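K.L.:
Under the UniProt record's numbering, the residue at position 110 of the sequence shown is numbered 110, and the numbers go up by one with no gaps.
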Amino acid sequence: METISGLVYKHFGKEIIAKELNVDQDHPDVLRLFLAVYKSFMEAIDAVDNGINRYDTDQPPRYVNNTHLSSRVGRLNLDWIDPDQSQEKENEAFKLAMALAGKEFLQSLRFHARSWLPARSIVMQCLEERFKTDPSGEIMELKNFCP
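1. Secondary structure at Tyr-38, three-state DSSP: helix, strand or coil?
2. Do the stretch 26-45 and the stretch 10-18 make contact, defined as three or more Cβ pairs closer than 8 Å?
3. In terms of residue numbering, what span does the alpha helix (DSSP H) encompassing Lys-143 cover?
4. Just reading off the alpha helix (DSSP H) that Gly-102 is part of, what are its end residues?
5. Please state the DSSP three-state secondary structure of Arg-54.
6. Going by the CB atoms, is the gap between Ile-45 and Ser-71 shorter than 8 Å?
7. Should Gly-51 be labelled buried (16 or more other beta-carbon atoms within 10 Å of its own) or exposed?
8. Assuming contact is defined by CB atoms lying nearer than 8 Å, are Met-42 and Tyr-9 in contact in what I supplied?
9. Between Ile-122, Pro-61, Ala-113, which lies nearest to Asn-22 when the distance is taken from Cα to Cα?
10. Can the beta-carbon of Thr-133 be found less than 8 Å from the beta-carbon of Met-124?
11. Throw me the rounded Cβ distance for the Ser-115 and Val-37 pair, which I believe falls under 8 Å.
12. With distances taken between CB atoms, is the gap from Ala-97 to Leu-127 smaller than 8 Å?
13. Of the choices Leu-117, His-68, Glu-129, Pro-147, whose alpha-carbon is the least far from that of Leu-31?
14. DSSP three-state call for Asp-84: helix, strand or coil?
15. If you drop the 5 nearest sequence neighbours on each side, which residues of the same chain put their C-beta closer than 7 Å to that of Ala-119?
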């Protein structure tokens, strides 16, 4: 199941990522980042918005989490007791929600582009060279620190 945000990401995510990286959409890093950002950012939004629990259990949760992005966006909706329920006020609230979600999306994308992707390259290189470290290939040497 996908939410509206999931559908927007599915159809425009690669284009947005390519623009952020200043590369063509068919560049291999675009797909890598598309999948990584979906897994670490978009998937949770889709799940929350579709009412999917993080864990398969019949036990009630030990606490309520209303700090996630979907909750914060939801709190930007007009308050039902606010006398001004005009389209203008609704549009203002929608713009605030778009700005919040957009900022967090770009933070996630930029983290993955600037930190995760270079770290992945270091790990992949070490994985390829692991037989130089140990003939069994079971030991890898990280020559650079990476998260």
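Every residue gets a Cβ at the ideal spot worked out from N, C-alpha and C, and that includes glycine. Given the structure is predicted, the values throughout are model-derived calculations rather than measurements.
P.N.:
The relevant details are as follows:
1. Reading the sequence shown from its first residue, position 38 is the one you call residue 38. DSSP places Tyr-38 in helix when its eight states are reduced to three.
2. yes
3. Locating residue 143 in the sequence shown gives position 143, where the first residue counts as 1. Taken as a continuous stretch (DSSP letters only), Lys-143 belongs to no alpha helix (DSSP H), as it is neither H nor E.
4. Along the sequence shown, one-based indexing puts residue 102 at 102. Counting along the chain, the alpha helix (DSSP H) containing Gly-102 begins and ends at 87-111.
5. As a first step, residue 54 is located in the sequence shown; it is residue number 54 there, counting from the start. In the structure shown, Arg-54 sits in coil (DSSP, three-state: anything other than H, G, I, E or B).
6. Sequence index remark: in the sequence shown, residue 71 carries index 71 (1-based). Sequence index remark: in the sequence shown, residue 45 carries index 45 (1-based). Not a contact, by the Cβ cut-off of 8 Å.
7. As a first step, residue 51 must be located in the sequence shown, where it is residue number 51. So Gly-51 counts as exposed.
8. Reading the sequence shown from its first residue, position 42 is the one you call residue 42. Reading the sequence shown from its first residue, position 9 is the one you call residue 9. Yes. Within cutoff.
9. Here residue 22 corresponds to residue number 22 of the sequence shown, with the count starting at 1. For the residues Ile-122, Pro-61, Ala-113, the minimum Cα distance to Asn-22 belongs to Ala-113.
10. Working through the sequence shown from its first residue, we reach residue 133 at position 133. Working through the sequence shown from its first residue, we reach residue 124 at position 124. Contact flag unset, no.
11. Mapped onto the sequence shown, residue 115 falls at position 115. Mapped onto the sequence shown, residue 37 falls at position 37. Contact doesn't hold; Cβ gap of about 13 Å is too wide.
12. Translated into the one-based positions of the sequence shown, residue 97 becomes position 97. Translated into the one-based positions of the sequence shown, residue 127 becomes position 127. No, Cβ-Cβ distance for Ala-97 and Leu-127 is not below 8 Å.
13. Position 31 of the sequence shown holds residue 31. Here the closest residue by C-alpha is Leu-117.
14. The count along the sequence shown starts at 1 and reaches residue 84 at position 84. Asp-84 falls in the coil class under three-state DSSP.
15. Reading the sequence shown from its first residue, position 119 is the one you call residue 119. Same-chain partners within the cutoff: Cys-146, Pro-147.
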